[in-house]
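Here the sequence shown is numbered in my numbering, starting from 159 and rising by one per residue. Every residue, glycine too, gets a C-beta built ideally from N, C-alpha and C. Here's the structure, in structure tokens; my notes come after.
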Amino acid sequence: MDTLTPASEAALDFPALLRYWRNRRGYSQQALSQVAGVSQRHISFLESGRARPSREMVLALAERLGVPLRQRNRLLLAGGYAPAYSEQGLAAPPASMVQQAIALILAKQEPYPAVVLDRFWNLVDANQAYRRMLGLLLRGRAPAALEQGSGRVNLMLTVFDPAGLWPSIENARQVGRYLLRRVWQELQVQAHDRTAREIFQRIAVWHPDMVGPGGVPLFDDEAGEGVPPPVLPVVVAGPGIHASLFSTLTTLGIPQDVSLQELRIECFFPADRASAAAFEALAQSAPA
Numbered sequence: 159m160d161t162l163t164p165a166s167e168a169a170l171d172f173p174a175l176l177r178y179w180r181n182r183r184g185y186s187q188q189a190l191s192q193v194a195g196v197s198q199r200h201i202s203f204l205e206s207g208r209a210r211p212s213r214e215m216v217l218a219l220a221e222r223l224g225v226p227l228r229q230r231n232r233l234l235l236a237g238g239y240a241p242a243y244s245e246q247g248l249a250a251p252p253a254s255m256v257q258q259a260i261a262l263i264l265a266k267q268e269p270y271p272a273v274v275l276d277r278f279w280n281l282v283d284a285n286q287a288y289r290r291m292l293g294l295l296l297r298g299r300a301p302a303a304l305e306q307g308s309g310r311v312n313l314m315l316t317v318f319d320p321a322g323l324w325p326s327i328e329n330a331r332q333v334g335r336y337l338l339r340r341v342w343q344e345l346q347v348q349a350h351d352r353t354a355r356e357i358f359q360r361i362a363v364w365h366p367d368m369v370g371p372g373g374v375p376l377f378d379d380e381a382g383e384g385v386p387p388p389v390l391p392v393v394v395a396g397p398g399i400h401a402s403l404f405s406t407l408t409t410l411g412i413p414q415d416v417s418l419q420e421l422r423i424e425c426f427f428p429a430d431r432a433s434a435a436a437f438e439a440l441a442q443s444a445p446a
């Protein structure tokens with residue numbers, strides 16, 4: 159199966175992109191032709207470069223393949239057309255109602271943490287419970303992800319940073335393996351984007367034992383450790399806090415803006431009663 163890796167970045171023209179997304183979704187040329195309502199011969203010509211797609215064909219194929227909006231724009235550009243989807247994000251006036259909805263979700267999650275992340279796990283917003291937790295866990299430490307002067311906190315880097323959250327996560331190895339999978343999967347789609355590569359490379363420098371030759375993650379699942387729990391909890395410990403948490407991820411329904419589609423709202427819930435009590439106590443002791 160074709161993959162988009164940094165080594166094949168130069169090949170990101172329309173035929174290569176179409177072939178990548180078809181393989182990624184598990185379609186044969188024949189199967190894609192059936193769902194797209196065109197001949198298999200036409201799909202073959204598009205992937206070989208012998209035929210040029212119309213704008214409507216690019217959008218139709220992207221829809222059938224479930225391509226994310228950012229990559230649909232990239233397919234259009236590769237086909238010689240202007241992007242179809244905006245990238246204004248939450249700051250744009252049309253998104254004011256979305257802003258209000260996200261603020262409501264964050265507020266309703268109190269006294270438990272909730273955070274809003276962009277596609278590269280930069281912190282967009284967070285409720286007070288999350289900010290309190292982050293402040294306690296990072297007390298006395300200055301992660302590299304917070305020292306870049308960009309004004310943004312990259313939570314993925316903060317988790318893996320030995321000077322960040324890594325020492326505060328009791329099951330860091332388990333959690334790290336899972337998160338590294340997410341970074342690697344994102345890299346397969348965003349290989350042409352320098353940010354995705356830099357995030358993975360920095361994690362590899364911090365934790366070389368988790369990345370094998372050629373920069374491929376070592377997915378060394380701990381086999382033989384019994385039946386795994388229904389969800390993997392994140393066990394955090396720091397001054398004034400010790401808790402076990404699991405999380406849910408929320409995305410916006412039917413987004414028509416690239417940035418809005420990529421937003422993730424992660425809500426954390428206590429995995430046991432002691433953890434619930436810990437966050438309730440933190441909320442009660444917090445200043446107004």
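Does DSSP put residue i in a helix, in a strand, or in coil?
i    : result
G424 : Strictly speaking, residue 424 in this sequence is Glu, with Gly absent from that position. DSSP places E424 in strand when its eight states are reduced to three.
A432 : helix
I399 : strand
L313 : helix
A249 : coil
A284 : strand
P366 : helix
I327 : strand
G382 : Because G382 carries a pLDDT of 49, less than 50, the predicted location of this residue cannot be relied on, and no value is offered for it.
T353 : helix
P173 : helix
S405 : strand
S186 : coil
S197 : coil
V389 : coil
P445 : coil
A439 : helix
V141 : Coverage of the chain is limited to positions 159 through 446, which leaves residue 141 absent and any answer about it impossible.
P371 : helix
Using only alpha-carbon positions, find the residue among the options that is nearest to residue i.
i    : options                   : result
Q433 : R228, F318 and I399       : Note that residue 433 is Ser in the sequence shown here, rather than Gln. Closest by alpha carbon: I399.
R335 : G370, T353 and D351       : G370
A354 : Q286, W279, S197 and L407 : W279
V392 : D367, M368, L418 and C425 : C425
I327 : V394, S186 and S212       : V394
S206 : A174, Y239, V389 and V273 : A174
A265 : G247, L275, A287 and L281 : A287
P428 : I263, V193 and L403       : L403
Q419 : L248, L315 and Y178       : L248
A269 : L275, A284, R277 and Q192 : Contrary to the premise, residue 269 reads as Pro rather than Ala in this sequence. Of L275, A284, R277 and Q192, the residue nearest in Cα terms is A284.
M291 : F437, V274 and S443       : F437
R422 : S244, S212, L217 and I263 : I263
G237 : R222, D171, A261 and Q332 : D171
P241 : Q198, V274, L190 and R228 : R228
E356 : V333, M314, A220 and A194 : M314
G322 : L296, V347, R352 and Q346 : L296
P301 : R289, G293 and T316       : T316
V225 : A250, G184, P252 and P251 : G184
A261 : P251, V273 and P252       : V273
S202 : R213, A189 and E214       : A189
L204 : V347, V193 and Q187       : Q187
Y178 : A220, R199 and Q192       : A220
Count the other CB atoms within 10 Å of the CB of residue i; is the residue buried (16 or more) or exposed (fewer)?
i    : result
G396 : buried
I412 : exposed
V374 : exposed
T406 : exposed
N329 : exposed
N231 : buried
Q409 : The question names Gln, but residue 409 in the sequence shown is Thr. So T409 ends up on the exposed side.
P211 : buried
Q267 : buried
N181 : exposed
D319 : buried
Please report whether the beta-carbon of residue i lies at a distance below 8 Å from any beta-carbon of chain D.
i    : result
S197 : You won't find chain D in this structure, because it holds only one protein chain.
Segment contact, 8 Å Cβ cut-off, at least three pairs: the segment 326-346 with the segment 354-371: yes
How about the segment 250-263 and the segment 408-423: do they share at least three Cβ pairs that are nearer than 8 Å? yes
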